[in-house]
Each structure stands twice: as C-alpha cells, then as structure tokens.
Amino acid sequence: MCGIAAVWQRDGRPCRSADVLAMRDIQIHRGPDDAGIHIDGPIGLGHRRLSILDLSAAGHQPMSNEDGSIWLVFNGEIYNYIELASTLREHGHIFRSATDSEVILHLYEEEGPRCLQSLNGMFAFVLWDSRTQIMFAARDRIGIKPLYYSITDDLFACASEAKAVLAHPNVPTTVDYQGLADYLFAGSPLAHKTLFEGVRQLPPAHMLTVSASGITVARYWDVVYRYQNGRTRDQIIAGANDLLDDAVRIHCRSDAAVGCHLSGGLDSSLVSSLAVRHRGNIDAFSIRFGESSFYDETEYACAVAKAIGAKHHVIAPESQDLMALLGPLTWHQDFPLPSAGGFSYFAVSRLAADRVKVVLTGHGGDEVFGGYPAQFQTAFGTTEMFNLSKFPAAEKMTAIQRFARLVRRQGLPGIARRFLKRPGNHSDSIESRWIALHCGVVPSQNPLLHSALVRKIGDYSPVNDYLQPWVEAPTDQIFDRCLYHDLVVYLPHLLMKEDRASMAVSLESRVPLLDYRIIEYMATLLPEDKVPHRVPKAIMREAAEEYLPPNIISRNDKTPFPVPLREWVAGPLAGEIRALLMSEASMDRGIFDPRVLSDPLLSPGEMLAMLNVEIWFRVFIDRDPNWLPAAPGAGRAPFAGLPSLPVW
C-alpha cells in the first residue's frame, strides 16, 4: 500500500521536483518505509512506499521496465501476481523483484491497457510510456483504492488523496459547492466530484489516458447480469464457497504480518475464519463502547475468536477521543465525516497497526450478498427479516414540536413557500422510495441551509447524479438494482473512509469479499437464489456453516462498528459542539442558517452533520492550526500528533 503522485506540465515546461515532492510527502502516512521520485522533462512521478511484498530495495518506486521506457507508480495489491508473473516469464519477461508492481509493468508491455482485464486486486496506478508519450492511469473495478486528478490547459496532476493534488502550487483550494450539496444530500460527493473545485476523482473501473491531444476517461469493466438456471442449491453454495475460500487465500499473500478486523458479524467472522485456515494463527481486532449492549458486540467477536483460535484485541474509545480526533480525521479523510464510521475504522485500525501491517475486513458483504434493510424494503416492501428492535429508538418529536421548530427557523411565509414548492403528486416510485431511505432533502428545500448557499448552488440538484447508476443498472430485477446502486454509489465512499482511516496509521486494509470473481458469480444468480425466502445474505450464511458457530450465522441484528454518537452529541459533547456551531466563524460561513445553528431543538444528527462541515472548512479552507494535525508532511511519523486510545 502506498501513496502516489504524478505531474505532466502540458505546456512543455520542465516539471519541478519540489512540486512532486510536496505532493508525495504530504502522503507520508501512506508509505513511511521508502520514497522515490522520477523526473523526465515535463513528467514527474512520486511514490511513498508501505512495504508489503518483497520488503527489499528491489521494490523501490517509481519502477521502470528493462530499458527505462516505461515508468510506474502503484498503490495497492495485485493478488494474482504470482500466477501472472509465471505466465509472463514463459513469454520471456525477466523480473528483477518479487513484487506485484513489476507484474503491472511487464503486463502493460505485453497487452497495453488490456492488462486491466487480467488484474485481480485493489489498485490505482499511473504509467508514463515515453515511447508513445502517453500517461496511462487506472483504478480497480470496485474503487477500493482512490485516485484524484486536476487538469488545466497547462497541467495534469494526480495523486492518491485530494490533499496531495492540492499540494501542487498551481491547483487552488476552492470549494465545489455542488460537491458540498451532494454531501449534504447523500453523504458524499457524487459522480466524479469532490468538495474541491477543479479536483476530480477517477471513478471505479475506469482508466484515464493523457496525451498531447487531451484527456480521455473510459470504463473498462461493469457488472454483467447473466442469470443462469438449472443449478441445484448445493451447486450454488459450493460455487460460492470455492470463490470465497480462494479470495481469502490470495488476499492472505503478504511478506508482512496479517491480521483481521472482527466485529462479530457474519462477514468479518467468515473472512477471519478463512484467514486462519490459510494463514495460521492471526490477531483479530475489535472495538467496543460501554453505553449499552447495542454498542458492545464483543461477546460475539470473542466467541468467534475463540472458535477459530485467533488472538483477540479490543479497543474502547470514549466521547472525548472523538473530539480530539475530529481535526486529524477530517484532514486524513479530505471530506467532512458523514458518519462515525471514519472514527470507528480509525480506532480499530490504530489498534491493529501496533501489531500487524495488513488487515482483512468483511466490507462488501451487504452490497454483494444482499444484507441491508433498505434493499429489502425497496424490493419487497418489508424488513421483517431483520431484528431492528435492538436498535436505539429514533429521535422523535411531536407534530407541535416540529411545527414550532419550523416556524422559528423559517417563519410562516417560509413554510408556505416550502409547501408550495412541493409537487402536487407525491410519487411513490421505487426510485423515490430508494432516495427516501438513503438521502436527505434536496438543497432547495433543506431548512438547515443558508440562503447564500442555495443561491450559489442555483438550479443544481443531486437527485439526477444519485439516480443515474440506478437508471443505468444492467438488470431489470429490482433487488439487483438495489445491490448494483449500493455497489457503485454507496460502497466506494465506504471504502474511501476505510482507506483513509487505515492509511492514517500506515496499515493496509484488504477486502476479500469484493474479489470481482465473487461479484460476477453473484450476478449469475436471480434474487430468489441470492435471498431465498428473503433471508439476508443467505448464500454467505450457508457457505459459512462449516466454519462458524450457529449463533453467528443466524444473526439478523448486526450493524458495523456502531458508535454511540447520539448519546455523546446530546450528552458530554453537547456544550463543546454548540460552542463551535455558534462561533462567529460558523455563523458567518454562509453554509447553514444562523437561526438553525443556534436552535436549541437541533437533533444530535443535525448537530454532528453541521459540526463536520464546519471542521472541514477550518481544516482545508481556513487552514486553522488549531484543527490541523501536527506538522503534516515530510518527515512526520505516521502516529505523530494523534492522541492515544484506550485498550480494553
């Protein structure tokens, strides 16, 4: 796992090494083990290395082919590199290392951009081909590894993190208000947007080519639904079991120590059990919170660790740990935190990084196998298959309280205008149901927003960008449309949080359930085969029967690494958060209505969302030293400036 940076001075001026070094070294947390740079006229490549395969100096990057005509910077892992290297040697290629990075170089020499079809892994890489004067970049099929870029008439710059692109002196740090509208509506920027104007993200499963004539972005892979009938249930489960086992097997390939995140749910438990099978004794890492049984699932995690023979470690963060880490976490994430997921992932990654360099996680199980209540509510009109009674009751207000709050915020004329904007016919389409289950209100109707922000956004609405993947889903099965949308919209942002949280502590996080072979296999199954009798993740449950205790397999009340945010925000953190929201900087920001910021009836969820936006502005726009992590950049140790967390 690494941090990469690439620059092409498209005006022909020589690339300044100082610019590449600034972009490279602001990512030192992604690769504290080694660093390299290559300058070739207007071209510059930078690399920070976290050594996982072939720990020797032979793995140094930027890496070139034999004659130095092609140069590579690579972030990620190619899990089938051993098999690919064997084939390439048969074709006459000579290897100087035992790395997966060198496999990409030789495979590109052999196949050009078609090499992407052969790679099984998580990756983002940039190749400079001096023979053709082309810079070629690509991102893995699911979007596990990130790649951001900025392009002008004079410059192309890209890197593993948005902040690294912004480190180039010719890329301005300005707000993309459409990206901010996306975040406030859906929890993350949509399509190719970020929160920074002029900085874009390469979408998952896309490749990018830069030449003297311009830039092209093209998709190289998509899920193809080819439903196959005629298989028995035993055959279906056997096929899934073989793929799950092989995916974990190749994800265990590492010359550094490997562990597992273990939440006590089906996904991480199955991955951990298979990892023990292929790797032997492993360390497993969990998180707990003491507010209630809902936030403490260590009973299940401990049971799994004992059953599979893993050494178990648990971390127990508290409310003040969240406040102490909000600034550094926002800096690492590049975005406001849409939920507490970034905090919980960071906490458990911090624990793991003390003991291993690589962890396997269970992310992707719900998106691939069908495990979210919203998928079942949308497709089947029910969530009776989930035990939602365990979840804390949602915050409730009486109708009078809600009306009083609206009057205080908008006045009676404002309420009337909002009512008149509503369409006369409230559509109950599947798309509107899906949006209602996942998103907030559109900016023009959001009572939290400042009128100045609404004017800046203008007529833009995030709805079309949000629904585009739903419209383009290559299947007419509603349940599979739900899975497809979660796979291409929700999951990449979840993976971004995981990438940033783990890389903040120089830890490589792997997601074997997102092996593309598993995704393609599941696309051959009709919904009635994926979730017979509407049992969530039925395929995985049946495949896990030989590995896990029955009480883990039958769980229907799991939520990933839950954090007691509502209790913290409404309790010990309330005063500190309200002081930040009502500060002069926040009130004058022009993002949220000042009447809302001072509203005593703000819900904890509203408070946290507005707090995260305010902190993002202080970190990236104001560059407030009180909120920036200690001395980010060259020479900074990965853990410097990050508070310690209590281990239970």
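For what it's worth, the numbering used here labels the leading residue of the sequence shown as 152, then goes sequentially. For glycine and all other residues, C-beta sits at the position ideal for the given N, C-alpha and C.
Helix, strand or coil for residue i, going by three-state DSSP, please let me know.
i, result
"GLY741", "coil"
"THR449", "helix"
"TRP279", "strand"
"THR367", "strand"
"HIS319", "coil"
"ASP393", "helix"
"TYR667", "helix"
"HIS601", "coil"
"LEU676", "coil"
"ILE293", "coil"
"TYR299", "strand"
"GLY154", "strand"
"GLN284", "coil"
"TRP372", "coil"
"SER660", "strand"
"GLY263", "helix"
"MET273", "strand"
"PHE307", "strand"
"GLN379", "coil"
Could you tell me the alpha carbon to alpha carbon distance between residue i and residue j, rounded to whole angstroms?
i, j, result
"PHE287", "GLU253", "16 Å"
"VAL322", "GLY349", "8 Å"
"ARG568", "PRO598", "Confidence at ARG568 is low in this model, with a pLDDT of 47, below 50, so its placement is unreliable and the value that follows should be read with caution. If you take the alpha carbons of ARG568 and PRO598, they lie about 12 Å apart."
"THR534", "TYR523", "9 Å"
"ILE466", "GLY441", "11 Å"
"ILE388", "TYR672", "11 Å"
"VAL507", "TYR334", "34 Å"
"TYR611", "GLN628", "30 Å"
"PRO625", "LEU752", "44 Å"
"ALA236", "ASN226", "18 Å"
"VAL361", "ASP631", "35 Å"
"LEU645", "GLU217", "39 Å"
"SER405", "ARG181", "17 Å"
"PRO479", "VAL224", "26 Å"
"VAL639", "VAL374", "10 Å"
"TRP279", "ALA157", "9 Å"
"ALA504", "ALA452", "19 Å"
"SER202", "ALA169", "24 Å"
"GLU696", "GLU448", "21 Å"
"SER414", "SER420", "7 Å"
"ARG199", "ARG706", "41 Å"
"LEU359", "ASP637", "24 Å"
"SER364", "VAL277", "18 Å"
"HIS464", "ASN432", "14 Å"
"ASN806", "ALA458", "The displayed coordinates of the chain run from 152 to 799. Any statement about residue 806 would go beyond what the structure contains."
"GLY197", "ILE742", "36 Å"
Taking its Cβ as the centre, do 16 or more other Cβ atoms sit within 10 Å of residue i, making it buried, or is it exposed?
i, result
"ILE245", "exposed"
"ARG606", "exposed"
"GLY192", "exposed"
"MET691", "buried"
"PRO487", "buried"
"LEU331", "buried"
"ILE329", "Strictly speaking, residue 329 in this sequence is Gln, with Ile absent from that position. By the neighbour-count rule (16 or more Cβ atoms within 10 Å), GLN329 is buried."
"TYR378", "exposed"
"PRO776", "exposed"
"GLN352", "buried"
"GLU260", "buried"
"THR383", "exposed"
"ALA369", "exposed"
"HIS242", "exposed"
"PRO165", "exposed"
"GLN284", "exposed"
"THR481", "buried"
"LEU539", "exposed"
"SER653", "buried"
Which whole-angstrom value is the C-beta distance of residue i and residue j, which I expect to be below 8 Å?
i, j, result
"ILE772", "VAL326", "7 Å"
"ARG661", "LEU502", "Actually they do not touch by this definition, with Cβ atoms about 17 Å apart."
"ILE221", "LEU270", "Actually they do not touch by this definition, with Cβ atoms about 16 Å apart."
"TRP719", "LEU473", "7 Å"
The ligand FAD and residue i: does any heavy atom of the ligand fall closer than 7 Å to the residue's C-beta?
i, result
"ALA467", "No copy of the ligand FAD appears in this structure; indeed no ligand is present at all."
Quick one: does residue i have its CB under 8 Å from some CB of chain D?
i, result
"ILE608", "No chain D appears in the structure shown, which is made up of a single protein chain."
Beta strand (DSSP E) runs contained entirely in the stretch 460–519, provided each spans 3 or more residues: Counting only runs of 3+ residues, the beta strand (DSSP E) found wholly inside the stretch 460–519 occupies 462–466 and 509–511, in chain order.
Which parts of the stretch 181–255 are runs of the alpha helix (DSSP H), unbroken and 4 residues or longer, counting only runs that do not cross its ends? Runs of the alpha helix (DSSP H) inside the stretch 181–255: 232–241.
Could you name each continuous beta strand (DSSP E) segment of 3 residues or more that falls completely within the stretch 320–366, going from the start of the chain to the end? Within the stretch 320–366, the complete beta strand (DSSP E) runs of at least 3 residues are 357–362.
Runs of alpha helix (DSSP H) lying entirely within the stretch 702–778, each at least 4 residues, in chain order: Taking only runs of at least 4 residues, the alpha helix (DSSP H) segments lying wholly in the stretch 702–778 are 716–721, 725–732, 735–738, 745–748 and 755–767.
4 or more residues per run - each alpha helix (DSSP H) lying fully within the stretch 392–445: Within the stretch 392–445, complete alpha helix (DSSP H) segments of at least 4 residues are found at 417–430, given in chain order.
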